[in-house]
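Protein chains: 4
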Amino acid sequence: MGKAHSLAYAALPMYFWPPPAMPVRRVIADVSEEAAAEAAQRFGFESSVGDWQRVIEDKSIDVVDIAVPNDMHPQIAIAAAEAGKHIICEKPLARTSAEARAMRDAVAKAGVIHMVAFNYRRTPAVAMAKKLITEGAIGQIRNFRATYLQDWSADPNSPLSWRFQRAVAGSGALGDIATHALDFARYLVGEIAAVNAVLKTYIAERPLQQGGVDLLAAAAKHSDGAKGTVDVDDEVLTMIRFENGAIGSLEATRNGYGRNNFLTFEVHGTEGSISFNYERRDELEVFLANDPPDRRGFRKIYMGPAHPYGDGLWPIPALGIGYGETKIIECRDLMEAVVTELLPSPNFEDGYRIARICEAITESSASGQWVALGD
Amino acid sequence: MGKAHSLAYAALPMYFWPPPAMPVRRVIADVSEEAAAEAAQRFGFESSVGDWQRVIEDKSIDVVDIAVPNDMHPQIAIAAAEAGKHIICEKPLARTSAEARAMRDAVAKAGVIHMVAFNYRRTPAVAMAKKLITEGAIGQIRNFRATYLQDWSADPNSPLSWRFQRAVAGSGALGDIATHALDFARYLVGEIAAVNAVLKTYIAERPLQQGGVDLLAAAAKHSDGAKGTVDVDDEVLTMIRFENGAIGSLEATRNGYGRNNFLTFEVHGTEGSISFNYERRDELEVFLANDPPDRRGFRKIYMGPAHPYGDGLWPIPALGIGYGETKIIECRDLMEAVVTELLPSPNFEDGYRIARICEAITESSASGQWVALGD
Amino acid sequence: MGKAHSLAYAALPMYFWPPPAMPVRRVIADVSEEAAAEAAQRFGFESSVGDWQRVIEDKSIDVVDIAVPNDMHPQIAIAAAEAGKHIICEKPLARTSAEARAMRDAVAKAGVIHMVAFNYRRTPAVAMAKKLITEGAIGQIRNFRATYLQDWSADPNSPLSWRFQRAVAGSGALGDIATHALDFARYLVGEIAAVNAVLKTYIAERPLQQGGVDLLAAAAKHSDGAKGTVDVDDEVLTMIRFENGAIGSLEATRNGYGRNNFLTFEVHGTEGSISFNYERRDELEVFLANDPPDRRGFRKIYMGPAHPYGDGLWPIPALGIGYGETKIIECRDLMEAVVTELLPSPNFEDGYRIARICEAITESSASGQWVALGD
Amino acid sequence: MGKAHSLAYAALPMYFWPPPAMPVRRVIADVSEEAAAEAAQRFGFESSVGDWQRVIEDKSIDVVDIAVPNDMHPQIAIAAAEAGKHIICEKPLARTSAEARAMRDAVAKAGVIHMVAFNYRRTPAVAMAKKLITEGAIGQIRNFRATYLQDWSADPNSPLSWRFQRAVAGSGALGDIATHALDFARYLVGEIAAVNAVLKTYIAERPLQQGGVDLLAAAAKHSDGAKGTVDVDDEVLTMIRFENGAIGSLEATRNGYGRNNFLTFEVHGTEGSISFNYERRDELEVFLANDPPDRRGFRKIYMGPAHPYGDGLWPIPALGIGYGETKIIECRDLMEAVVTELLPSPNFEDGYRIARICEAITESSASGQWVALGD
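Residue numbers (the working numbering), protein chains in the order written: chain A, 161 to 535; chain B, 161 to 535; chain C, 161 to 535; chain D, 161 to 535.
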C-alpha cells in the first residue's frame, strides 16, 4: 500500500494539471527508523520516522495517510484528528463499528477532512455507472448483485498473515474485500436496510508467516513448520434488502480458484442494466431498454476522455488504467476536498456504516435471521 | 415446446446412430382436433387427437411426452402411469410438492420409466462439468453460485400469460427457471440441506393476453386494454446449504434487462473451479489449480467429439449446438432408459425434491429464516 | 452432411410454419445399396438407391441435394439440371472455375432453381449484419477483415481424407473453408476486384485414411502405417481490393491450434463497425458512431425474435442455434425459391465467381502479384 | 508522452526496489521556457530549459529521453550521442530509414546505450508470450497475425495534427502504430524477409488544428474553418514472409470505429497457439496442444507475481496495469542497460530495421509486388 499511495502523490500533478493541491511527500513512518529511511528513499519522501506519533506532532503536516493493519487505524486516526490533520484511512475503517464510531466522532469533532480508501468506486467505469444511474438511464433499480472473488489464499499452504487474525484484521474476506462491494452497493443503489448472511471458514489453520510483510498472492507457499489458527471468515455470502425496496446479493471469497480481483456488479433497473468487472476495468457494459428491439444489447464502453476523470487520464480509451490510477484519482479527490473544505465520499461516516453492516452480517450468520440496520 | 420435443424424436437417429430405440411419432394431442391435426402435420406425427385421454387409451403408445402448462401435469402423468406408459414430463414437475409426490408415487407404483425435462443438464458442457467433478478434477466443492437471468418479461407491457398465474403455473421465476438452476445444484454438488430466500414480484399486473399461446420474448407488448393480476414471483434469490457442507447462492429473474438465457454456474473446489454460461453453451471454463503457476488460467474448452455426447453431435467443436440439441440428447437418454429399463436422471423423484425445495424457498421468503429440507 | 441436410428437411415445418413448401424425403443415394438403405432409415427417407443416376431418372423428384466430395459435383449437377430438377449443391461448387462455369451454364439453360450451400451467411447474425449494412447503419464500408480458423488437421497424424487431395477436393483450406469467408466478403461488401495472396502447405504428408468416411476433428490420429502426399494448401492468406474501393484481408487455416470454427469478420464503415464470430454465433457486435460519445461501445446483440428468421427460430434470444439451424434456414430459403421461382442467393453464379476468385488467389500466390478478377 | 515518461522515472523505485539505478529528473526541455517551467513543475523535474540543446550541453546529464515529433528525432539523438549521452527515443525512430541509419550509426560510434520506445513489448503478457515461445511451449511458429486498430481519427472532423503530415511524421498509421505490431513480429517470430502491402488514405483533408498539442482521442472535433491536406496513410495492410518460413499478416488503422487500442497478435505454432489483445492487457491466452483432448482450450492467464516483471508490479493478478506500467518497465530495463552496459532491445538497430520495413511496405503498396528486405 505504501507503493500505491506514494505513487498517487507523485503522479497526481502529472495526471491532473493543475492539481487541486500539490502534495508534498514530507515524512513517512514505518515500524523502525531503518525501514522508514528505506521507504523514504524508495517512495520519494523528504524524511522518515520510526514512530508514527512523530508525524502527528509535526506541525508542518496537513494530511495523514493511514496505510497500516486495521488494528492500528483508530489510535492513529484519532490522534491525527485531535492534532487537526486531515486524514485518509485505508479500508476497512476499523475492526468493529465501535472503533469506527469513535474515529468518526473524532474527525467530526475536530472538523477535519476525512476519507476512507474505498478506491474501487473511483475506477472511471464505476463512476460512469453512478453517473448513468443518477441520470436515470436505467430507471429505478430493482436488483443488485456483486461479487469479489480472489484466490490468493485458496492454497492451504499460503501463510497466516495478519489478514487471517481477528485480533488484527477484525474479520476476513468480509472486512478485507466484501467491504469494497458493500461500498459499491451503497454508492450505486442506496442505504442497506437489512442483511441475511453466511460466513464460512474453509481452512482452519495455516503455516505461520515468515517475516512481517503481507505479500498476498506473491507470498511463498510452504507446508512445513508450525501452523496457526485462522479465526476469521474465508467466505461471505449475503442477501441484501435496500431501503428503497431493491434487493440484492453479495459474495466475497479469497479462495475462489481462478479469480484474481474479480470485483463485479450487475444492476438491473426498470429501463436497463449495467454490468462491471474490475478484471476488465476499462470497460463498462450498459444495456438501454429503449434502444430499438433489433439493436439492443449490452454496449461495451471503453472508458476514455469522454468519461469521469477522463481529462486527467490517457488520451485514448484502452490505453488503460491499472490499480495505480484508482489511487491517483482518489488522491485527486482528497486534495480537492482539502482545498474546498467539502467532505469527500466515502468518508468516516461511510466507513462507520459499513462497519455496522459487517457486524450485522456476522450477527445474521450466527442467528440465521435477517438483521436490520436500523439507525 | 411441441417444436423442441418433436425435433428431438425426428432428429434422434440422425444424431445418434444407431439410436437406443427408434421413436415413432404416433399421435399428438392438442386443445382441439383442429389444432392437433395441424400440429401433426407440422411436427410429423402419424395422427392427432383433440383430447389427451385418447392417447392414454391407445394401447400402441409406449411413451407419453407431457408438454402442457403445469396444472395439467398431474392428471396426465398419473393417468399415463396407470396405463403403464413411460413418461417424460416438462418441468417443473408440478405446481406443488403434494402434486409432485402423487406423480412420483404413481410412476413408482406402475413401474414405468419416468423423466423430468430439465434438459439443460444435458448440455454437453454441463455434462462435462459433472464428469470433471466426479473425477475429482477440482477437488472437494466448497461453493456453488448459479443464476438464471432472462428479460422477456421486464417490460410491464408484456402480456399476462399462464406463467404469471399461480393457479396454472404454481409459481413464477421460481418454478419456471430457477428449477433448472436447482437441478444444476443437485446434479453438480449434491442434496440441498436448507435454503434462505427472498421472492419478489416487481410488476403487479400485466395486460391480459390475446390468444392462448405463450410467446415468451416473441409476445407483442401492449399497454391498452384490461389488465390482470400477477400472483407469482418475478425474482427469486436464495442462499443454499448443501448436505456435504458446501454453500451457495442462486438467483433467477425474468426481468433482468440484457440477459436472455443467462443460465450460469460457477463452482469453486479445493483443486480448481468450473464456470459455465448457457448463452455461450459450447464453452466450458475450467481452472485447474495444479497447473504450473505461470500457466494457470481458466481453460475455455469448446465441446466437441472428445466430450459427452460428442459421438452424436457435430464433428468439429464450435459447429455448435442450440436449444434443440439439448432436447435431442434428452430424448436419446430417455430412449436408452426405456430400452435398458434403468431409471434415468432426473426423474420424478428429482422433480419431487425440487418441488419441495421450491416450497422451502417460498416458506423461507415468508418467514425470513432458513428452512431445512429434512426428509 | 447427410445429417445436416436431412435434419433441415425434417425440421423445416417444425421451425417455419407454414413452410414455403413441405419437403418430402423421397429417396437417398449412397455409395452402395446397403449404405443407402441404412442412410434412409437413419435420415427418414422413403427409399434409397446405390446409384445417384437413379435419382436423376426418378420423375417424382423435384429437388436434388448434392452432398458428396467436390469432384462429383459437376456430373451430378449437370445431369440433374438436364433432367429439369432444382438443385442445391454443397460448397465449393466445383474444383475449378471451368467446372463451375459448366454447372452454371447447365442450370441456366435448364431454367431450374439452383443454390450453393454457403450456409453460414444464413446465420441470423450474419443476415442481420447484411441488413444493417444495407440500411446504411455503418455508412460506407472502408475495410473488411475475415478469418476462418480451424485446428482439426493441425496434428500431422490426422489422416489424409479426400480434403487433402487435389484430384478430389480441388484445393485445401482455400476451397473448403476460405470460400465461406469469400462468400461473406461478396455478400457484405460487394464484388472483389483483385486479390494478392499466399498459399502454404505446412504438412506435406499424412497417414492414409482407414475407411472412406471423412470424420474431420473426430478422426482418429495415428502415426503408423503408410503415408500419402498432401497436394493442397493448409493455409491461405489474401489481401482484397473490392470494386467499390474498400480493401480487406482474409485468412483461412485448418491448422490453427485452439480455433475450432473461428469464422469471423469485422467491417469498418464511415459510420460504425460490425464484428462477428461464428464460435459465438448468437451474438452480433455493432458499433454505431453516432451514439453519444460517453455511451458508445460495441453492442452485443443476441439474435432472437426481432432479427432475421426470428419468427421461425426459438422464442427467446440465446436459447440459441447450432449448425443445424443454419441448414434449416437454408432449406427454408431453397423451398421458397422453388415455390416463387425466384433465384436464391448464393446460387451457381455465385459459386462460379467464388471459384474464379479461388483461382485468382492460387495464381497470385504463384506469381506474387495482384490478380484482377475482371470479367 | 511527457506524462508517461515522467511517471516512469518517478515510479521506477516504487515498483522495482532496489532499482537498477535511481533516476533523477534533472532537466526538462520544451518549446519555450514558459512551457518547460510549467512542465518541470508538473512532472517533478529539478529544472527546465526552452531549448533542447541546453540539455545536450549539460555535463551532468547521463540519459536523454526524446519524446518529440518524429522530424526532430535525428538531430537531437545525434547531438546527444555525440555528447556521450545514453538515449531513449520515442517510436518510430525516424521518418525514413536513412535518418534512422544515421541515428544508429551515431550511437554505435559514440558507444552509448540506446533504446527505442516500443513499450508495448514490455507489457508483461507480451513478455510472457516471448518466454513461452522461447521455451518451445507452442513449438515452431507457422503463422503470425497482428492488428493495431484505433478509431480516434475515424471522424473526418478530427483535426490535422502533426500525425497527418508527412513532413513531420514520415508516415501515418504505418509509422505511428503499425510499427508497434512490427516490433511484435520481429520480437516474437523473427526477422522479416519480405512484405506485400496496401496503404490507403481514407480522409484526404482535415480541419486545421487549433494549438500545437496533439490530443489524439481527446481532441475536439470541428467541421468549420480551414482544412489541410492529409498526405499520409490512414490504413496499412501487409502480408509478411519471415526468414524462418513463417507467414503472417498485419493491419493497422486509426479509423476503425469501436476499436481503441486494439493491438493484438495471434501466433500459431506446431504445438500450440498464443493470443493477445492489449485492450485486455492483463490477460494472455495460451493453447497447449498436448493438453488432454477433453481438457484443451485457450487458458486465459492473468499476469501477476509469477510472470515477467511480476516482482515489481502488483501483488495480485488483475489488480492490473495500465499504459503507465509499460513505460515504468521500459524505464527499468533502460536503467539496467545503462548500469550493465549491455545494449537493451529494441534499440536503434531495431528502430532502423523497422524503418526499412516501413519503406518496403510503402514501396510494395506502390508496386503491388513483394519487396524483400535483404540486407
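Backbone N, C-alpha and C fix where the C-beta goes; we use that ideal spot for every residue, glycine too. Here the structure is a predicted model, which means the values were calculated and not measured.
To the nearest angstrom, how far is the alpha carbon of residue i from that of residue j?
| i | j | result |
| --- | --- | --- |
| A:D391 | A:R326 | 6 Å |
| B:A526 | B:E519 | 11 Å |
| C:Q201 | C:Q370 | 25 Å |
| D:L533 | D:T522 | 12 Å |
| B:H165 | B:D393 | 27 Å |
| A:I517 | B:I514 | 33 Å |
| C:E403 | C:Q300 | 13 Å |
| D:V189 | D:Q235 | For the record, residue 189 of chain D in the displayed sequence is Ala; it is not Val. Taking the straight line joining both Cα atoms gives about 15 Å. |
| B:Y483 | B:Q310 | 15 Å |
| B:L253 | B:G372 | 21 Å |
| C:F430 | D:A449 | Reading off the sequence shown, one finds Thr at residue 430 of chain C, where the question assumed Phe. Those two C-alpha atoms are separated by around 40 Å. |
| C:F422 | B:L292 | 26 Å |
| C:T536 | A:D374 | Here chain C covers residues 161 to 535 and nothing more, so residue 536 of chain C does not appear. |
| A:I238 | A:G511 | 14 Å |
| B:K251 | C:P477 | 20 Å |
Which residues in the same chain have their Cβ closer than 7 Å to the Cβ of residue i, if we skip the five residues on either side of it in sequence?
| i | result |
| --- | --- |
| A:R366 | P316, S318, P319, L320, F324, K387, G388, V390 |
| C:R305 | G408, S409, F425, E426 |
| B:A240 | I216, V224, I247 |
| B:A181 | M495, V498, V499 |
So, for residue i: in the same chain, excluding its five sequence neighbours on each side, which residues have a beta-carbon less than 6 Å away from its beta-carbon?
| i | result |
| --- | --- |
| B:M275 | I248, L494, P504, N507 |
| B:N437 | T424 |
| D:A287 | P468 |
| D:F344 | A306, F425 |
| D:F154 | With chain D covering 161 to 535 only, the question about residue 154 of chain D has no answer from this structure. |
| C:I337 | Y308, A412 |
| C:V396 | A333, L334, A338, L359, A412 |
| D:A314 | N415, Y417 |
| C:A171 | I488 |
Enumerate in chain order the residues of its own chain whose CB-to-CB distance from residue i is below 8 Å, with the five nearest sequence positions on each side excluded.
| i | result |
| --- | --- |
| D:T256 | G330, A515, E519 |
| D:E501 | I273 |
| B:R186 | F205, E206, S207, D218, S220, I221 |
To the nearest whole angstrom, what separates the beta carbons of residue i and residue j, a pair I think is in contact under 8 Å?
| i | j | result |
| --- | --- | --- |
| D:R282 | D:E490 | 5 Å |
| B:G528 | A:W530 | 5 Å |
| A:P284 | A:L473 | 7 Å |
>> Please give the ranges of any beta strand (DSSP E) in the region 296-348 of chain B, keeping only runs that are unbroken, at least 3 residues long and fully inside the region.
In response: The qualifying runs are 301-309.
>> At a CB distance below 7 Å, what residues from the region 284-312 of chain A approach chain D? Give them in sequence order.
In response: Q310, W312
> Counting only runs that start and end within the region 447-533 of chain D, where is the beta strand (DSSP E) found for 3 or more residues in a row?
Replying inline: Counting only runs of 3 or more, we get 458-462.
>> Counting only Cβ-Cβ distances shorter than 7 Å, please list the residues of the region 379-412 of chain D near chain C, keeping chain order.
In response: E395, L397, M399, I407, S409, E411
> What residues in the region 430-451 of chain B bring their beta carbon closer than 9 Å to a beta carbon of chain C?
Replying inline: Y438, E439, R440, R441, D442, E443
> In chain order, what residues of the region 187-216 of chain C put their CB closer than 9 Å to some CB of chain A?
Replying inline: For the region 187-216 of chain C, which is checked against every Cβ of chain A, not one residue is closer than 9 Å.
> Which residues, taken in chain order from the region 356-367 of chain A, show a beta carbon closer than 7 Å to some beta carbon of chain E?
Replying inline: The structure shown contains no chain E; the protein chains it does contain are A, B, C and D.
>> Against chain B, which members of the region 463-479 of chain D pass a CB distance test of less than 7 Å?
In response: A466, H467: these are the residues of the region 463-479 of chain D whose beta carbon lies less than 7 Å from some beta carbon of chain B, given in chain order.
>> Which residues of the region 337-351 of chain B have a Cβ closer than 9 Å to any Cβ of chain A? Give them in chain order.
In response: Against chain A - using a Cβ distance shorter than 9 Å - the region 337-351 of chain B contributes no residues.
> Closer than 8 Å, Cβ to any Cβ of chain A: which residues of the region 236-268 of chain C, in chain order?
Replying inline: none
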